[in-house]
Amino acid sequence: MANNVLIGNMNSTSQNHAPTASSQDVGGSGSNQQNTDSVDQQDGTNINDTDTVFDEDGDEVVGSKRAIRSPAWQHFIKFKLNDEVKARCKHCSKVLGADSKNGTKHLLAHYQRCLHKPYPDIRQSILVQEKKKLDGTTTHVSNYTFNADTSRKDLAEMIIVHEYPLSIVEHHGFRKFVGGLQPLFKVPCRNTIKDDIKRIYDYERDKTMSLLAKTKSRIAVTTDMWTSNHQKKGFMAMTAHFVDQNWNLQSRIMRFIYVPCPHTSDVLADILYTTLCDWNLDRKVSTLTVDNCTTNDAIIRILLEKLPLKSLMMNGDLFHMRCCAHILNLIVQDGLSLIKFEIERIRESVAFWSASPKREQNFVTAAEQLGIPYSKKLILDCKTRWNSTFLMLSVAISYKEVFDRVKTRDSKYTCFPTEKDWELASEICERLQLFYEVTVMFSGSKYPTANVFFPLICEIGYSLREWTKSPIEEIKMMADQMVSKFNKYWSVIHGVMGMAAVLDPRYKLKFVELLFPVLYGEEKAKIEFQNLEAFVQTLFQEYVSSNASKKRKSEGFYGGSVPGSSSFGSSISSGHRVGFKKLLSDIASITRDDDESGGMSELDNYLKEKLLPKDMELDLLAWWKTNGIKYPTLQRIAKDILAIPVSTVASESAFSTSGRLVSPHRSRLHPKTLEALMCAQSWLLNEIRATCSEETETYCRSVEFDYDVEEENTKESGTTSLDDFV
Numbered sequence: 001m002a003n004n005v006l007i008g009n010m011n012s013t014s015q016n017h018a019p020t021a022s023s024q025d026v027g028g029s030g031s032n033q034q035n036t037d038s039v040d041q042q043d044g045t046n047i048n049d050t051d052t053v054f055d056e057d058g059d060e061v062v063g064s065k066r067a068i069r070s071p072a073w074q075h076f077i078k079f080k081l082n083d084e085v086k087a088r089c090k091h092c093s094k095v096l097g098a099d100s101k102n103g104t105k106h107l108l109a110h111y112q113r114c115l116h117k118p119y120p121d122i123r124q125s126i127l128v129q130e131k132k133k134l135d136g137t138t139t140h141v142s143n144y145t146f147n148a149d150t151s152r153k154d155l156a157e158m159i160i161v162h163e164y165p166l167s168i169v170e171h172h173g174f175r176k177f178v179g180g181l182q183p184l185f186k187v188p189c190r191n192t193i194k195d196d197i198k199r200i201y202d203y204e205r206d207k208t209m210s211l212l213a214k215t216k217s218r219i220a221v222t223t224d225m226w227t228s229n230h231q232k233k234g235f236m237a238m239t240a241h242f243v244d245q246n247w248n249l250q251s252r253i254m255r256f257i258y259v260p261c262p263h264t265s266d267v268l269a270d271i272l273y274t275t276l277c278d279w280n281l282d283r284k285v286s287t288l289t290v291d292n293c294t295t296n297d298a299i300i301r302i303l304l305e306k307l308p309l310k311s312l313m314m315n316g317d318l319f320h321m322r323c324c325a326h327i328l329n330l331i332v333q334d335g336l337s338l339i340k341f342e343i344e345r346i347r348e349s350v351a352f353w354s355a356s357p358k359r360e361q362n363f364v365t366a367a368e369q370l371g372i373p374y375s376k377k378l379i380l381d382c383k384t385r386w387n388s389t390f391l392m393l394s395v396a397i398s399y400k401e402v403f404d405r406v407k408t409r410d411s412k413y414t415c416f417p418t419e420k421d422w423e424l425a426s427e428i429c430e431r432l433q434l435f436y437e438v439t440v441m442f443s444g445s446k447y448p449t450a451n452v453f454f455p456l457i458c459e460i461g462y463s464l465r466e467w468t469k470s471p472i473e474e475i476k477m478m479a480d481q482m483v484s485k486f487n488k489y490w491s492v493i494h495g496v497m498g499m500a501a502v503l504d505p506r507y508k509l510k511f512v513e514l515l516f517p518v519l520y521g522e523e524k525a526k527i528e529f530q531n532l533e534a535f536v537q538t539l540f541q542e543y544v545s546s547n548a549s550k551k552r553k554s555e556g557f558y559g560g561s562v563p564g565s566s567s568f569g570s571s572i573s574s575g576h577r578v579g580f581k582k583l584l585s586d587i588a589s590i591t592r593d594d595d596e597s598g599g600m601s602e603l604d605n606y607l608k609e610k611l612l613p614k615d616m617e618l619d620l621l622a623w624w625k626t627n628g629i630k631y632p633t634l635q636r637i638a639k640d641i642l643a644i645p646v647s648t649v650a651s652e653s654a655f656s657t658s659g660r661l662v663s664p665h666r667s668r669l670h671p672k673t674l675e676a677l678m679c680a681q682s683w684l685l686n687e688i689r690a691t692c693s694e695e696t697e698t699y700c701r702s703v704e705f706d707y708d709v710e711e712e713n714t715k716e717s718g719t720t721s722l723d724d725f726v
């Protein structure tokens, strides 16, 4: 084989980038044309730098100091082939002669006509005085050259992030606009941009998988099913939640997958298990948060049969997390079902006066005559969403006098509420305010850590028991029904929520012990607290044992290999030393079991420390980040437990986005294309949020509605619509 010798500057520019003007060229007397003229006069001699010749093994060739100065070598690689010096084009790989006596004119001539060079014309370089970044900062004066590939990638990302239709690349107005900005950019067709989107999806998917692989803590998963209104197809969203190395709460969507009918527990469980294995999370998953239904219960049972129980917390006892927002919805729906006839006249009144623009205008006129500002529009509730019923009643109550006035304005209006209806509606709204606030917290896009939910659940339980003492019979019946449903799901606090409360230095076991009587009464509270106490101790010991096991695996029985020992001697004696090694292992295990005081003292010391003030604002993740040296085992537990969402809000928020994705102009997209759009958007937005300020982030959101400045200001001043809350 020929002996190839490569010549290259170790600090040369990348092969994929054209030369850029140096700092001396910018603002100086030298121009690109002058550089080209001077290049023609170069014969390859060197003035400043010298480059070393290396062979294929990376060894320096003796006597190979060779002068290289011509800009041609930014586009060619110099090497020896059969003792002849050659130059290979970095862009098209064409090989040309490179003997120093021939100069470099022919190399520069080839570069000028090379079809594969990144930029068609070196004169496209322009000076950019100031370039504003997304985060508001500006770059220094630099040399900019148009890159068609980068622009195509930016176009694909724009379509993904802002949910523009793929057909935008074929719109006449868009092509005209782009042509005016950069005539050299060829706008791709719809199929080409779809391929670009899929490449971005694949790249971002690999990055996300790598991020999850590097995460040392456990990963919590949420999932939910949704049916497209336009396609009548079922989709499953799966989202991973974790605390990163900087102790920030993170979530990443993994799949937005089309699930053909039937949606049986076996089919859904198989998809979930396959996804966990594909993403290498089957041994890192902590919990699975799902809605409350028999199908999901069956899915949990199937997954527990497939997943290795030893890798799960408490052998899988904590694996099933029920969605708290869904439980809250079931509790309130049960209560409202008993009084649906009592509030029916208010619902019919709202429906009547919001049925047409003319009726709504008459209602607004009546409000103005009474001096009541019409700051909130009448909104009709959705009977399957209790929070919409709460909002409907809240708005209607503020216009009680208006309803009394308009009942004589239209003969068709015959369903006006009675005084008793208004009193009952006021009582209901006053009591449902707590549920509404908790639901808003559960349903926030940036969900809080799990420690905040236990006090809220205790407050809900306490309030329900107080409502049962109401003198209003309807409220009392409603409260009894809600207490029954509350006890069904939360008669036993889930271990994750209890442990999360213990990990809060403002609560710990002392606070939980005082709150348990509110939930269970004095007698049952003692039993439940003992169960929680035992659970905390067991989980702590599991992490202590897990940490010791990892150390044994990494260090071995003797802390590593013995220096100077030969593999031959080890192989001979290993068979005779198995018994002794086992004896040492047993002794080490017994010693660790006897020395529990060291492991237990960490938990004991934490629990005995004085509680932090209850009302102080505390970033719990930051607190555990700084106190990890003091409580290393509890820090590991906190990193796993506090990442667990108690609601499927992350998956459901994906559906609210996908509802816009599966719009009429995208109703015929292939499910895989929809998944690429959905997931890539989530991943790209995560990157944008990590580098942008909150003010800049608003410009990355998808546009649902257009507002004039006056309309936007009016909306901010207090106008309410159902879309703002549901």
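So in the UniProt record's numbering, the last spot in the sequence shown is 726, and the numbers never skip.
All C-beta atoms in this analysis are idealised placements derived from N, C-alpha and C, irrespective of residue type, glycine included.
Excluding five sequence neighbours on each side, which residues of the same chain lie with their C-beta closer than 6 Å to the C-beta of residue i?
{"i": "arginine 88", "result": "Ile77, Val95"}
{"i": "leucine 312", "result": "Phe319"}
{"i": "threonine 215", "result": "Phe242"}
{"i": "cysteine 92", "result": "Cys114, His116"}
{"i": "asparagine 296", "result": "Val290"}
{"i": "threonine 36", "result": "No answer about threonine 36 holds up, because its pLDDT of 36 lies below 50 and its placement is not dependable."}
{"i": "isoleucine 299", "result": "Ser265, Leu268, Ala269"}
{"i": "glycine 335", "result": "Met478, Gln481, Met482"}
{"i": "leucine 281", "result": "Ile219"}
Hey, could you find the ends of the alpha helix (DSSP H) residue i is sitting in?
{"i": "methionine 616", "result": "From DSSP, methionine 616 is part of no alpha helix (DSSP H); its letter is neither H nor E."}
{"i": "lysine 400", "result": "400 to 406"}
{"i": "phenylalanine 314", "result": "First, the residue type needs correcting, since residue 314 is methionine and not phenylalanine in the sequence shown. That residue, methionine 314, is in no alpha helix (DSSP H); it is neither H nor E in DSSP."}
{"i": "phenylalanine 174", "result": "172 to 181"}
{"i": "leucine 288", "result": "It is not in any alpha helix (DSSP H) - leucine 288 instead sits in the beta strand (DSSP E) that spans 285 to 290."}
{"i": "glycine 335", "result": "324 to 337"}
{"i": "glycine 461", "result": "453 to 467"}
{"i": "proline 71", "result": "First-last for proline 71: undefined, no H or E at that position."}
Just mark residue i as buried or exposed, buried being the case when its beta carbon has 16 or more other beta carbons within 10 Å.
{"i": "tyrosine 399", "result": "buried"}
{"i": "phenylalanine 177", "result": "exposed"}
{"i": "lysine 639", "result": "buried"}
{"i": "phenylalanine 442", "result": "buried"}
{"i": "arginine 261", "result": "It should be noted that the sequence gives cysteine, not arginine, for residue 261. So cysteine 261 counts as exposed."}
{"i": "glutamine 481", "result": "buried"}
{"i": "methionine 314", "result": "exposed"}
{"i": "methionine 497", "result": "buried"}
{"i": "arginine 668", "result": "exposed"}
{"i": "histidine 326", "result": "buried"}
{"i": "proline 471", "result": "exposed"}
{"i": "valine 438", "result": "buried"}
{"i": "cysteine 323", "result": "buried"}
{"i": "isoleucine 527", "result": "exposed"}
Any heavy atom of the ligand ZN closer than 6 Å to the CB of residue i?
{"i": "threonine 648", "result": "Looking at this structure, you won't find the ligand ZN or any other ligand, since it has none at all."}
Thinking residue i and residue j are a contact (beta carbons under 8 Å), I'd like their distance in whole angstroms, please.
{"i": "histidine 75", "j": "lysine 90", "result": "5 Å"}
{"i": "lysine 510", "j": "leucine 611", "result": "6 Å"}
{"i": "tyrosine 201", "j": "lysine 233", "result": "So it is not a contact: roughly 19 Å between Cβ atoms."}
{"i": "asparagine 362", "j": "valine 406", "result": "7 Å"}
{"i": "serine 167", "j": "arginine 190", "result": "6 Å"}
{"i": "leucine 348", "j": "aspartate 421", "result": "One detail in the question is off: residue 348 reads as glutamate in this sequence, not leucine. The Cβ separation is near 11 Å, so there is no contact."}
Using a Cβ-Cβ cutoff of less than 7 Å, which residues in the same chain neighbour residue i once the five nearest sequence positions on both sides are dropped?
{"i": "glutamate 401", "result": "Leu370, Ile372"}
{"i": "serine 546", "result": "none"}
{"i": "alanine 367", "result": "Tyr374, Tyr399, Val402"}
{"i": "lysine 485", "result": "Leu330, Ile331, Asp334"}
{"i": "leucine 620", "result": "Thr449, Asn451, Asp504, Leu642"}
Since residue i is in the beta strand (DSSP E), which residue starts that stretch and which ends it?
{"i": "glutamate 84", "result": "84 to 89"}
{"i": "lysine 80", "result": "76 to 81"}
{"i": "phenylalanine 486", "result": "That residue, phenylalanine 486, is in no beta strand (DSSP E); its alpha helix (DSSP H) goes 473 to 490."}
{"i": "phenylalanine 242", "result": "234 to 243"}
{"i": "serine 251", "result": "249 to 259"}
{"i": "serine 521", "result": "Note on residue identity: the sequence assigns glycine, not serine, to residue 521. Here glycine 521 belongs to no beta strand (DSSP E), and DSSP marks it neither H nor E."}
{"i": "leucine 642", "result": "Segment: none, leucine 642 is in no beta strand (DSSP E) and carries neither H nor E."}
{"i": "leucine 96", "result": "95 to 97"}
- Query: Three or more beta-carbon pairs under 8 Å between the region 275 to 287 and the region 302 to 317, yes or no?
  - Reply: Contact between the region 275 to 287 and the region 302 to 317 is established, with three or more Cβ pairs separated by less than 8 Å.
message = Below 8 Å, how does it come out for the region 152 to 159 and the region 189 to 198: are there three or more Cβ pairs, yes or no?
response = The answer is yes - the region 189 to 198 touches the region 152 to 159, with three or more Cβ pairs under 8 Å.
Counting beta carbon pairs with one atom in the region 425 to 434 and one in the region 612 to 630, are three or more of them shorter than 8 Å?
Put simply, the region 612 to 630 does not touch the region 425 to 434. Fewer than three CB pairs are less than 8 Å apart.
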